[in-house]
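Worksheet: one structure, shown below.
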Amino acid sequence: MQNQIVKRKRKTILKTIISRRKKDLTPNCKKLYCEAMKYKPKQERLSKSNSDMKCRLRLAKTFSDSPMRNHLLGKVNSVTLDFIASQIKIQKRKLQGYKFLSSLFALPSKKTLLALLQKIPFHAGVNNHIMKNLEYQTQKLPELGKNCVLLFDEMALDTGLTHDTKNDMIFGFDSFGKQLLLKIADHVLVFMLRGIRRKYKQPIAYYFFQGTTKTPNVAVCIKEVIQAVQTTGLKVRAVICDQGSTNQAAVNCLKEETKRHCLMNNIENKYIGFLVGGEEIVCLFDPPHLLKCVRNNLLTKNLMFMWKGESLIANWDDIQTLYSFDKEN
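Rendered as structure tokens:
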């Protein structure tokens, strides 16, 4: 006799509750049955998706263990391999990706990671632990890779106080460096390093203030952060900020300090920036704000410039004409 394959049927909701007819249910059970039936298609889709993912993982595991993998990867160019690696890194950074990997591998939970982060002190001002790590990482960089820029910006915060039960500290007050003032902060000044030749970036310091940061405080913070970064071996070549009046005044204050230093030491002031630790630091404004300022000025004013010895005028109509021409072609 030929064997017959019998497909196993799933039990329906009515059979689960020992009832074959909907009319035999009580009114409350009918409502519950209707709600359950709404979620049934979604549950089936998720179940099918889960089965497909498990199948894909089994195939991926089989492929990674086979000698054919090294043979195929040997024929792929470096650009393709870098692209595949970058996609894997991006997927790892996502929260959903980490949750999915946690279901497959023995990864630390969110609570464990937060407990580890709490052991790292991160107070306002320059963080010595970050500087020590930067010093260790800088030793691996070539000379050109040590060149970097310092970015800083200010943003508004919602006022509030937070109690750190572990260290018995209250966060949310105005903290200029190591000084803690009894003023509730509503602004923060953040500093970040960005590599020029190498693509790395690292937040390194922050300061809480009440109200907009004052010019002398910004100047002191810039010098303090640059001096701390210079001890790690990195070379700060420029500071980048927006065109806020406070930032411009702070940079001008540092330039005046450099000018006085040159006069007192009988040195020719040939610097276009300012000196910190004997190194010249140039101030640059970020391109998005520069483009926005050019746009705002062209909307209300004409731009006069010289081109090949001829005086010309540019206005916003030229931008619109170029846009229309580019759109049509």
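Okay, so the sequence shown: first residue is -8 according to the numbering used here, each after it adds one. Backbone N, C-alpha and C fix where the C-beta goes; we use that ideal spot for every residue, glycine too.
Per DSSP, His114 lies in no alpha helix (DSSP H) segment and is marked neither H nor E. Judged by DSSP secondary structure, Glu259 falls outside any beta strand (DSSP E); it is assigned neither H nor E. DSSP, reduced to helix, strand and coil, places Asn138 within a strand of the structure shown.
Non-local C-beta neighbours of Ile217 in its own chain, meaning closer than 6 Å and more than five positions away in sequence, comprise Val227, Val267, ordered along the chain.
Rounded to whole angstroms, the separation of the alpha carbons of Leu104 and Gln128 is 23 Å. Per the coordinates, the alpha-carbon of Arg49 lies some 11 Å from the alpha-carbon of Asp56.
In this structure, the straight-line span from the alpha carbon of Met28 to that of Asp15 is close to 17 Å. The beta carbon of Lys250 sits closer than 7 Å to the beta carbons of Asn260 from its chain, once the five residues preceding and following it are set aside; these are given in chain order. The beta carbon of Lys102 is closer than 6 Å to none in its chain, skipping five residues each way along the sequence. The criterion of a C-beta distance shorter than 7 Å is not satisfied by Ala305 and Phe199.
Partner residues in a beta bridge of Glu126, as assigned by DSSP, do not exist.
DSSP, reduced to helix, strand and coil, places Lys226 within a strand of the structure shown.
In this structure the stretch 251 to 258 does not touch the stretch 144 to 151; the number of beta carbon pairs closer than 8 Å is below three.
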